[in-house]
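The structure appears right after this line, and notes come after that.
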Amino acid sequence: VLYEFDVFECILSGIMSVNGKKVLHMDRNPYYGGESSSITPLEEVNTFLINSKSMGRGRDWNVDLIPKFSWPMVSQLVKMLLYTEVTRYLDFKVVEGSFVYKGGKIYKVPSTETEALASSNLMGMFEKRRFRKFLVFRPKLTTMRDVYKKFDLGQDVIDFTGHALALYRTDDYLDQHCLETINRIKLYSESLARYGKSPYLYPLYGLGELPQGFARLSAIYGGTYMLNKPVEEIVMEKGHVIGVKSEGEVARCKQLICDPSYVQDRVRKVGQVIRVICILSHPIKNTNDANSCQIIIPQNQVNRRSDIYVCMISYLLEPIDQKSIFSSRSYDATTHFETTCNDIKDIYKRMTGSDFDFENMKRKQNDVFGEDEQ
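Each residue of the sequence shown is one higher than the last, beginning at 9 in the working numbering.
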């Protein structure tokens, strides 16, 4: 049994259904998506606006509560989309730009040798050449801190390399082996080379399309879906979950997957994310009038302990294992899916006892993007 129709639980339900598991998926809400849903906020706001006609029809607006991008090359989300064949239900658009904040201004993130030399103000002339050498560097056994020191890269370059290219949330990676970071940067560059504008994809009609796509997939493989089903009780027997009670009825199960809000007495708070949703009437300054983009503000640039992630989507992108209860983690502040996919793989392994095997993908990557095999 799974509870909550957000991206996390819906991806797991789709994967479990494809693997032959019997799945019952319920949600106390009357809509798909949970925390990651796409809402139409003006439906209710227009009731209070005097000149609501200027905003258009409420249902024409789609606002994602927790927007997250995906890399088009070999990101974990793309592998999961391929494995489950859920791409038949979804369309994607390329996000137009990837930017980073430095010294009060926004700059495009360079990730190739050409961009490293051509980028205007993000780096000085000598640092551009050092950064170019860094991009073609082939690592040996050394830490990332030593790599930066070898190429004499300044703190600003270190900030956007680690946080805007490799997408780390903290600086802990500096004292770890450099190979993981180099591979992350390579993935970013390869994804960017595929589409040119940015390395990110986004569902055409909003992030809410993802859980709906996986829900359709699970239904095809025999999964059952029920909305408006509040949880009255998690039924336990001898320390193990045996079912979920809703509206007087008990659905029996061997394992339960849910978000933290359903088992608040069994989880602990480890952090906090502050989110702000704004409706803009213009592109963001210094983004080349991009209709969609990501901006990463590294923690060191604003004297914070955490990075700040800005995601702009325009109108054009129409601990309790022994009890067999698996609670997903809350969504973090990042605007990409890699951390969410790591959580999905973690729960999959704890449930089944085996790693999620991407080698069993049923479709090849080119099938998703409409290109011929090489």
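Ideal Cβ placement from N, Cα and C applies to all residues, glycine included.
| Query | Result |
| --- | --- |
| Cβ contact check for the stretch 25-33 and the stretch 275-292: 3 or more pairs under 8 Å | no |
| Secondary structure of Q280, DSSP reduced to three states | coil |
| Endpoints, beta strand (DSSP E) assigned at C266 | 264-266 |
| Spatial neighbours of I316 in its chain, beta-carbon cut-off 6 Å, leaving aside the 5 residues before and after | I305 |
| Among Q302, S46, M34, G111, nearest to E257 - alpha-carbon criterion | M34 |
| Buried or exposed (CB count within 10 angstroms, at least 16 for buried), E104 | buried |
| Cβ contact check for the stretch 91-110 and the stretch 200-218: 3 or more pairs under 8 Å | yes |
| S362 in three-state terms, based on DSSP | coil |
| Test item: CB-CB of S226 and V71 under 8 Å | no |
| Spatial distance of S300 from F159 (CA atoms) | 33 Å |
| Burial state of A201 (16 or more Cβ within 10 Å) | exposed |
| Cβ-Cβ distance between Y11 and Y270 below 8 Å | yes |
| L32, enclosing beta strand (DSSP E) - first and last residue | 32-34 |
| Opening and closing residue of the alpha helix (DSSP H) in which P219 lies | 217-228 |
| As assigned by DSSP and simplified to three states, the class of I303 | strand |
| Segment limits, beta strand (DSSP E) that includes S106 | 105-110 |
| Delimiting residues of the beta strand (DSSP E) encompassing S25 | No beta strand (DSSP E) holds S25; the alpha helix (DSSP H) holding it covers 15-26. |
| For S206, the three-state DSSP class (helix, strand or coil) | coil |
| From I166, N191, I228, residue whose alpha carbon lies closest to that of R146 | N191 |
| Helix, strand or coil at D72 [DSSP, three-state] | strand |
| For S322, three-class secondary structure by DSSP | coil |
| Per-residue DSSP class, three states only, for S254 | strand |
| Selection from G41, L130, G214 that minimises the alpha carbon distance to S322 | G214 |
| V252 to L130 span [Cα, whole Å] | 55 Å |
| Paired residues, beta bridge with K116 - DSSP | F107 |
| N- and C-terminal bounds of the alpha helix (DSSP H) containing K101 | Segment 100-102 is the beta strand (DSSP E) holding K101; no alpha helix (DSSP H) there. |
| Minimum C-alpha distance to Q309 - residue among R36, Q84, G111 | G111 |
| Cβ shell of F134 (< 8 Å), same chain only, five flanking positions each side left out | none |
| Span separating the alpha-carbon of Y356 from that of S206 | 31 Å |
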